[in-house]
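For the record, the sequence lines run as chains H and Z. Read left to right, the first sequence gives residues 11 to 122 (this note's numbering). Read left to right, the second sequence gives residues 363 to 473 (this note's numbering).
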Amino acid sequence: DVKVTQSSRYLVKRTGEKVFLECVQDMDHENMFWYRQDPGLGLRLIYFSYDVKMKEKGDIPEGYSVSREKKERFSLILESASTNQTSMYLCASRTGGEDEQFFGPGTRLTVL
Amino acid sequence: QKEVEQNSGPLSVPEGAIASLNCTYSDRGSQSFFWYRQYSGKSPELIMSIYSNGDKEDGRFTAQLNKASQYVSLLIRDSQPSDSATYLCAVSPLGGYALNFGKGTSLLVTP
Numbered sequence: 011d012v013k014v015t016q017s018s019r020y021l022v023k024r025t026g027e028k029v030f031l032e033c034v035q036d037m038d039h040e041n042m043f044w045y046r047q048d049p050g051l052g053l054r055l056i057y058f059s060y061d062v063k064m065k066e067k068g069d070i071p072e073g074y075s076v077s078r079e080k081k082e083r084f085s086l087i088l089e090s091a092s093t094n095q096t097s098m099y100l101c102a103s104r105t106g107g108e109d110e111q112f113f114g115p116g117t118r119l120t121v122l
Numbered sequence: 363q364k365e366v367e368q369n370s371g372p373l374s375v376p377e378g379a380i381a382s383l384n385c386t387y388s389d390r391g392s393q394s395f396f397w398y399r400q401y402s403g404k405s406p407e408l409i410m411s412i413y414s415n416g417d418k419e420d421g422r423f424t425a426q427l428n429k430a431s432q433y434v435s436l437l438i439r440d441s442q443p444s445d446s447a448t449y450l451c452a453v454s455p456l457g458g459y460a461l462n463f464g465k466g467t468s469l470l471v472t473p
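In structure tokens form, the structure reads like this:
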């Protein structure tokens, strides 16, 4: 079974802190994604990566950066957390073909 | 902008009835289509994929695809209270990396 894991299920941070969210997948998928999900707004793509060290902006990249140093690991970084970044963050991975995306369990981040 | 549209609901059906969830998409070049189920506070999980026009059945679930009309649907037979969740339609764009997701339809199955 494909497994996507995220470093934390719940996280509480203070405004201005630097926040790291880690995601690891174990199925050698080329593509990895970071989404945030808010009530009424659906899933919104923040960044994605199609190869090691390669990244592309999604629909809402402002305030975020990413890192992919190894194929299995994709990190989301909030350089200076703000209260409007309180959300559920979901990592996903996918092969390079027409297959489905597999999601991690999510990290519910609260910024105070 | 590649769009995937779903009614937000809530769609309420009695236990044992058929629930019908609908989705339209704008990218005519899309080739693969998915239905995810998401329980409150959890991440989306895949329940059906469909790639060809017509019907695809898996247990109580049937996915239907009509590429000419750019329409995909999910039928849930013998609905159970445990089916109460948000159902996300997802479409793979031609030449794209990430699936395009609808905002989801909330389904409530009442005992």
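Yeah, the Cβ is synthetic: ideal placement off N, Cα and C, and Gly gets one too.
With fewer than 16 other CB atoms across the displayed protein chains lying within 10 angstroms of its CB, V62/H is exposed. The C-alpha of L31/H lies about 27 Å from the C-alpha of I409/Z. Closest option to C385/Z, judged by alpha-carbon separation, among T472/Z, G466/Z, A447/Z, R399/Z: G466/Z. For G391/Z, not one C-beta of chain H is nearer than 8 Å to its own C-beta. Contact with chain H is absent for L456/Z, since none of that chain's Cβ atoms lies less than 8 Å from the residue's Cβ. Look at Q95/H here: in three-state DSSP terms it is helix. Take the alpha-carbon of K80/H and the one of S411/Z: they are about 29 Å apart. In the structure shown, S444/Z adopts helical secondary structure according to DSSP, grouped into three states.
Ranked by Cα distance from S435/Z, the options V375/Z, Y398/Z, G391/Z are led by Y398/Z. Residues of chain H whose Cβ lies closer than 7 Å to the Cβ of Y459/Z are, in chain order, N41, F58, Y60.
Under the Cβ criterion of 8 Å, P372/Z is not counted among the residues facing chain H. Within 7 Å of the CB of L53/H, the CB atoms of chain Z belong to F463, in sequence order along the chain. By the rule that beta-carbons nearer than 8 Å mark a contact, E108/H touches chain Z. For Q111/H, the residues of chain Z that pass the 7 Å Cβ criterion are L461, in the order they occur in the chain. Nearest CB-CB separation between P49/H and chain Z: not below the 8 Å threshold. For V62/H, DSSP assigns no beta-bridge partner whatsoever. Residue pairing from DSSP places M42/H in a beta bridge opposite S59/H, S103/H. In the three-state scheme derived from DSSP, where H, G and I count as helix and E and B as strand, R54/H is classed as strand. With a 10 Å radius around the Cβ and a threshold of 16 neighbouring Cβ atoms, A430/Z comes out exposed. Bounds of the beta strand (DSSP E) holding N428/Z are 423-428. Sequence-ordered contacts of the region 71-101 of chain H with chain Z read L100 [C-beta pairs closer than 7 Å].
Of S392/Z, C451/Z, F423/Z, P473/Z, the smallest CA-CA separation from R439/Z is found for F423/Z.
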